[in-house]
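Numbering (our numbering), first residue to last: 5 to 201.
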């Protein structure tokens, strides 16, 4: 049986394998441990276990979404709709503030430039910082006319006291009624602004 140090190096080799090395690793079932004097120690691993470890090491890493991009119906930066609350908190850290949403099991979590609503999973994200932007360049502070030029006719428009909401079903823009500029951008799988009318 290999000692702990040899086992650790084997697992480190398996988990650090990338790209073309994967084919070599998957093809091999016996792993060589550390050298003791002039004797190589062979470590035998169940072929099924070796294959699973190798395949899991070779699986492509999840994409890095730390790009501040707002993707309608999907994500804002690295915060994704549908991600677990525990994943959100592990990634974003402690929120600046939390506010329970009345008559629900959900809570809003305020982070730097983002407000996120979640119960067990994230279902709503609001970008309140100009560093977050859509692929077309719409961000907080963009002119309403530019937003309409990029997104076209909204599904519905709702005017409130201070803002007008332009809803496109999986993304909405709240525009300040005085300045005509975007105050915040909300992302959901399906927005509910139009059902409020």
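Beta carbons: idealized from backbone N, C-alpha and C, even for Gly. Just so it is clear, the structure is predicted and the values come from calculations on it, not from any experiment.
Could you please give the first and the last residue of the uninterrupted alpha helix (DSSP H) stretch that includes residue i?
| i | result |
| --- | --- |
| residue 151 | 148-155 |
From the options, pick the residue whose C-alpha is nearest to that of residue i; which is it?
| i | options | result |
| --- | --- | --- |
| residue 170 | 80, 96 and 197 | 197 |
| residue 182 | 145, 130, 93 and 114 | 145 |
| residue 98 | 185, 90 and 105 | 90 |
| residue 143 | 114, 127, 179 and 174 | 179 |
| residue 188 | 93, 92, 120 and 85 | 120 |
| residue 158 | 173, 167, 165 and 72 | 173 |
| residue 147 | 113, 164, 72 and 177 | 177 |
| residue 192 | 72, 84 and 93 | 84 |
| residue 127 | 166, 76 and 161 | 76 |
Taking the beta strand (DSSP E) that residue i falls in, what are its first and last residues?
| i | result |
| --- | --- |
| residue 131 | 126-131 |
| residue 188 | 186-191 |
| residue 170 | 167-171 |
| residue 177 | 175-180 |
| residue 160 | 160-163 |
Within 10 angstroms of its Cβ, does residue i collect 16 or more other Cβ (buried), or is it exposed?
| i | result |
| --- | --- |
| residue 190 | buried |
| residue 138 | buried |
| residue 81 | buried |
| residue 195 | buried |
| residue 100 | exposed |
| residue 22 | Because the pLDDT of residue 22 is 40, which lies under 50, any placement of that residue in the model is unreliable, and the number read from its coordinates should be weighed accordingly. It is exposed - the Cβ of residue 22 has fewer than 16 other Cβ atoms within 10 Å. |
| residue 52 | With a pLDDT of 49 at residue 52, under the threshold of 50, the predicted position of this residue should be treated as unreliable, though the coordinate-derived value follows. Label assigned to residue 52: exposed. |
| residue 131 | buried |
| residue 199 | exposed |
| residue 106 | exposed |
| residue 64 | Interpretation of residue 64 is limited by its pLDDT of 43, a score under 50 that renders its predicted location unreliable; no figure is taken from the coordinates. |
| residue 175 | buried |
| residue 151 | buried |
With distances taken between CB atoms, is the gap from residue i to residue j smaller than 8 Å?
| i | j | result |
| --- | --- | --- |
| residue 133 | residue 156 | no |
| residue 125 | residue 87 | yes |
| residue 108 | residue 122 | no |
| residue 149 | residue 140 | no |
Review point. What beta strand (DSSP E) runs, 3 residues minimum, are completely inside the segment 70-127?
Key: 73-75, 101-104, 111-115 and 118-122
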